[in-house]
Structure formats: C-alpha cells, structure tokens
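So the structure is just underneath, and the comments pick up after that.
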Amino acid sequence: MSKALIHCRTFYFEADFATSLRCIPMAVRRKLDLCGCKVKLKHWLELSECDRKEILMWSDYPEELEKLAQRLANCSSTMMINDQESWQNTDQIPKDLSCSCNEIGEQTPSLEQWKALDELERFALVKLSHPGHEHRNLANALKELVTK
Numbered sequence: 104m105s106k107a108l109i110h111c112r113t114f115y116f117e118a119d120f121a122t123s124l125r126c127i128p129m130a131v132r133r134k135l136d137l138c139g140c141k142v143k144l145k146h147w148l149e150l151s152e153c154d155r156k157e158i159l160m161w162s163d164y165p166e167e168l169e170k171l172a173q174r175l176a177n178c179s180s181t182m183m184i185n186d187q188e189s190w191q192n193t194d195q196i197p198k199d200l201s202c203s204c205n206e207i208g209e210q211t212p213s214l215e216q217w218k219a220l221d222e223l224e225r226f227a228l229v230k231l232s233h234p235g236h237e238h239r240n241l242a243n244a245l246k247e248l249v250t251k
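Structural data, given as structure tokens:
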C-alpha cells in the first residue's frame, strides 16, 4: 500500500454538494474503504455538518482510520478491507476505467498519466467507472484530474 497521506480535499466535479457535504465526497469514501466501513447516505446525512467536515479532515494514517471505524460503528456496516485495490496499483490502468472511458467516448488515461495521479485521484476515477454506475461525473473527473 502506498504511503499514507491526509486526503481531505473535494474535487471540482463534486462542487454541487461539496460545501454542504450533502453527499459523501470521494475523500471520505476512500477513508471509509480504507477502514472497512460502509455508510449509507441516509446515515451520513444524520451526522451534523460539523461531524461530516471532521470526517472529511480525518487523517488517513492506519491508526487514525481504526479510530474512524470505531467512531462510525453505530452508523455503518463493515466490509472487507482490501489493500490491493485497483486504484492503489500504479502499474496498470484498471480494466473498468478503460471500459467506462470507451463507453462514454473519453480517452483512457495513459499509464504515465495514471502514475502521475495521487491515490485519491485514482480512487475517484475507479469509483466513477464501476460497472453499473451511470458514469455521470466520470467525464468531468477525467477533465479535472487527467488534463490538469
């Protein structure tokens, strides 16, 4: 797994909800994946805005993510933690991302571009390209992150 950082920013493609945190931003979704928590939007919205901002700013270090999992135990379910996710691998472009880019008529990032992204940026692209996802923000994310 790559070096832990504190990813607490929101992306421009999330701007329509980022200031109020009425949806779960990618930075928080990544933290939840890393600590094995699944939080439904309903439960996210039951948290105060102050609590949602605190979670966004939460450290990504493993011992801190354990504390986050404990804090969210009452409003989340658990899921498997996988330290071999496609967004953690900089050696190859995830197949789902390539397929989704083709579906929406966008160019798949090159391996060089993929490697230049930070872990949160790779996470966002992978999450937005999952099969069955409507890919509503994928084109905007590609423009923001890959052509920066």
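Numbering-wise, the working numbering comes out as the position in the sequence shown, counting from 1, plus 103.
Beta carbons: idealized from backbone N, C-alpha and C, even for Gly.
Remember, predicted model here, so these are calculated numbers, not experimental data.
If we require 4 or more residues per run, which alpha helix (DSSP H) segments fall completely within the segment 182–248? Entirely contained in the segment 182–248, the alpha helix (DSSP H) runs reaching 4 residues are, in chain order, 198–207, 214–219, 222–231 and 241–248.
When F116, L241 and E188 are compared against P212, the one with the closest alpha-carbon: On the sequence shown, position 109 is the one that residue 212 refers to. Nearest C-alpha to P212: L241.
By Cβ distance, which residues of its chain are closer than 8 Å to E152, with the 5 residues on each side in sequence left out? Counting from 1 along the sequence shown, the entry for residue 152 is found at position 49. Closer than 8 Å at Cβ, skipping near neighbours: S123 and L124.
Closest Cα partner of R155 within the set Q187, V142, E167 and Y164: For the purposes of this step, residue 155 is taken as residue 52 along the sequence shown, with counting starting at 1. Shortest Cα-Cα distance from R155 to any of Q187, V142, E167 and Y164 involves V142.
Closest by C-alpha distance to A219, when choosing among Q191, I207 and Y115: As a position in the sequence shown, residue 219 is number 116, starting the count at 1. It is Q191 whose Cα lies nearest to the Cα of A219.
Under 8 Å by Cβ, that's how I've got I109 and D186 pegged, so tell me the actual separation to the nearest angstrom. Position 6 of the sequence shown, counting from 1, holds the residue named residue 109. Position 83 of the sequence shown, counting from 1, holds the residue named residue 186. So it is not a contact: roughly 18 Å between Cβ atoms.
Apart from the five residues on each side of it in sequence, which residues of its chain come closer than 7 Å, Cβ to Cβ, to Q210? Locating residue 210 in the sequence shown gives position 107, where the first residue counts as 1. Cβ neighbours of Q210 beyond the five flanking positions: C204.
In the DSSP assignment, the alpha helix (DSSP H) including P128 goes from what residue to what residue? Your numbering for residue 128 matches position 25 in the sequence shown. From DSSP, P128 is part of no alpha helix (DSSP H); its letter is neither H nor E.
Can you give me the C-alpha to C-alpha distance between K196 and F116, rounded to a whole angstrom? Indexing the sequence shown from 1 puts residue 196 at position 93. Indexing the sequence shown from 1 puts residue 116 at position 13. Per the sequence shown, residue 196 should be read as Ile rather than Lys. The alpha-carbon atoms of I196 and F116 are separated by roughly 21 Å.
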